[in-house]
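Peer 1:
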Amino acid sequence: MPRQLPLALGSPVPFSVDNFIVSMANRKAFEMLESWPHWPSPVTILVGGEASGKSHLAAVWAAQAYAVQGDKNRLDKAANIAAQGIPVLLEDMDSGTFDEVSLFHLINIVRQVQAANPQAALLMTARTRPALWPVRLADLASRLRAVNLAEINAADDILLQAVLAKLFADRQLLVEADILRFILNRSERSPARLAAIVMCLDNLALERQSRISRSLAAEVLAAMTAGDKNEETSLLL
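Its first residue numbered 3, the sequence shown is counted upward by one per residue in the numbering used here.
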């Protein structure tokens, strides 16, 4: 019977431009944000799936633009910041709700201020395109259709292998390329899943005082797959 694996969190990795891996999947989004303050519109929405790197990329932009991270539940405060010409970052706009009138006013303020101050900007992140947000205010829907859209696509093989190698490197682990490919060919191909695999492998290797090998990777993958099936079964009960 596959054992349960401990999931102790490791040290967080800084969201710096040096730690961001650019590939075909995210290059256009990266270049769009890098082109600030020369955006076609002062408002941009960065779209990407869970653990796609959108928060990392948004943090890179925020550092470059000296932006202030706002709270979607306090859009009045974000509007006051934007009125001073300071770039604003709002995360996870399609998770939960926000005041539509306040967001409409915030976008208008950014557009007005940007006419005199080219650095004024608003960056929002989301998992879905704004056309899929449940927006009822027609004026806001119109404003959202006019924003810049920067999308991070599903990770390609090159990016996934680079991400996997970096996840190991962040834990001071050097893993051979054939083991990286072994993991990628047998796991869910998402950055979030890969992060969980690396965490489990690191913990198990430390516990056993062993190196990360193909057999150890196979054991972890089998245990995680069994755990997924048990979770699915419990949801059906």
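C-beta atoms are modelled at their ideal positions from N, C-alpha and C, and glycine is treated no differently.
Just verifying my parser: in three-state terms, what is the DSSP assignment at LEU223?
Peer 2: helix
Peer 1: Between the Cα of ARG29 and those of LEU48, PRO42, SER43 and PRO39, spot the shortest distance and give me the residue it belongs to.
Peer 2: LEU48
Peer 1: With DSSP as the reference, identify every bridge partner of ILE47, one or two as the case may be.
Peer 2: MET126 and LEU151
Peer 1: Measuring straight from C-alpha to C-alpha, what distance separates ALA64 and SER57?
Peer 2: 10 Å
Peer 1: Do ALA164 and ARG191 have their C-beta atoms closer together than 8 Å?
Peer 2: no
Peer 1: Would you check if there are 3 or more beta carbon pairs closer than 8 Å linking the stretch 134-151 to the stretch 105-121?
Peer 2: Yes, since at least three Cβ pairs between the stretch 134-151 and the stretch 105-121 fall closer than 8 Å, the two stretches touch.
Peer 1: Going by Cα to Cα distance, which pick from GLU153, LEU223 and ASP204 is closest to GLY55?
Peer 2: The candidate whose alpha carbon is nearest that of GLY55 is GLU153.
Peer 1: Which residue's Cα is closest to the Cα of LEU206: ALA219, ALA194 and LEU196?
Peer 2: ALA219
Peer 1: Pull up the distance between the alpha-carbon of LEU94 and that of ASN75, whole angstroms please.
Peer 2: Correcting the residue type first, residue 94 is Asp in the shown sequence and not Leu. Whole-angstrom Cα-Cα distance: 11 Å.
Peer 1: Suppose the cutoff is 7 Å on Cβ atoms and the five residues either side in sequence are ignored; what does the same chain contact list for PRO44 look like?
Peer 2: VAL112, ARG113, GLN116, ALA122, ALA123 and LEU124
Peer 1: LEU134: buried (16+ other C-beta within 10 angstroms of its C-beta) or exposed?
Peer 2: exposed
Peer 1: Verify whether the separation of the beta carbon atoms of ASN187 and TRP41 is less than 8 Å.
Peer 2: no
Peer 1: With H, G and I counted as helix, E and B as strand and the rest as coil, what does DSSP make of ALA228?
Peer 2: helix
Peer 1: Pull up the DSSP beta-bridge partners for LEU92, would you.
Peer 2: MET126
Peer 1: Start and end of the alpha helix (DSSP H) containing ASP204?
Peer 2: 193-210
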